[in-house]
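Trainee: Dropping a structure here in structure tokens format, bear with me for questions.
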């Protein structure tokens, strides 16, 4: 049986992924003294104990986002922006280019200029993984 004072002596805690590289985001805040059940609360050894003053500070400390854990301390945290793979960029550019070609040429039953066909094919090759040597998207025709 879990007892609050024995198993959670600090009362207020921040949870985080203990196996993730640091910094890592805070994933939850716990006031174990006010909870009717501690069944779903991680063990205190896997939490960061925080003070009552920090718990009460909901304007700059105990926030729903923007807080993380670094070396056992609560710190400001910004989710890293991961680069969008070139194939995904190509898929998005291809969708836009197809709309442009249709609006400018296909809807009017005009032939698509070769420069646009070349561009569409280059984007498709990147998007489908056939072109693995390109590191940037081709320039869109004027």
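Numbering (my numbering), first residue to last: 10 to 151.
Even glycine gets a Cβ: it sits at the ideal position worked out from N, Cα and C.
Is residue 78 closer than 8 Å to residue 57 when the C-beta atoms are compared?
Mentor: Along the chain shown, one-based indexing puts residue 57 at 48. Along the chain shown, one-based indexing puts residue 78 at 69. It is a contact, given that the beta carbons lie within the stated cut-off.
Trainee: Judging by CA-CA distance, which residue of 61, 140, 139, 33 is the nearest neighbour of residue 81?
Mentor: Counting from 1 along the chain shown, the entry for residue 81 is found at position 72. Per the Cα distances, 33.
Trainee: List the endpoints of the continuous beta strand (DSSP E) containing residue 128.
Mentor: Counting from one through the chain shown, the residue named residue 128 turns up at place 119. Careful: residue 128 lies outside any beta strand (DSSP E), inside the alpha helix (DSSP H) at 123-136.
Trainee: Using CA atoms only, rank isn't needed, just tell me which of 127, 145, 112, 71 is closest to residue 60.
Mentor: Within the chain shown, numbered from 1, the residue matching residue 60 stands at position 51. Answer by Cα proximity: 71.
Trainee: Looking at residue 99 and residue 47, is the spacing between their C-beta atoms short of 8 Å?
Mentor: Numbered from its first residue, the chain shown carries residue 47 at position 38. Numbered from its first residue, the chain shown carries residue 99 at position 90. For residue 47 and residue 99, no; Cβs fall outside 8 Å.
Trainee: Anyone know if the C-beta pair for residue 95 and residue 132 falls short of 8 Å?
Mentor: Walking along the chain shown from the start, residue 95 turns up at place 86. Walking along the chain shown from the start, residue 132 turns up at place 123. Cβ atoms of residue 95 and residue 132: not closer than 8 Å.
Trainee: State buried or exposed for residue 38, treating a residue as buried only when at least 16 other CB atoms are found within 10 Å of its CB.
Mentor: Here residue 38 refers to the residue found at position 29 of the chain shown. Residue 38 should be labelled buried.
Trainee: For residue 35 versus residue 21, is the C-beta distance shorter than 8 Å?
Mentor: Stepping through the chain shown from its first residue, residue 35 is reached at position 26. Stepping through the chain shown from its first residue, residue 21 is reached at position 12. No, the Cβ-Cβ distance between residue 35 and residue 21 is not below 8 Å.
Trainee: How long is the line joining the alpha carbons of residue 117 and residue 108, rounded to whole angstroms?
Mentor: Reading the chain shown from its first residue, position 108 is the one you call residue 117. Reading the chain shown from its first residue, position 99 is the one you call residue 108. The straight-line gap from Cα to Cα measures roughly 13 Å.
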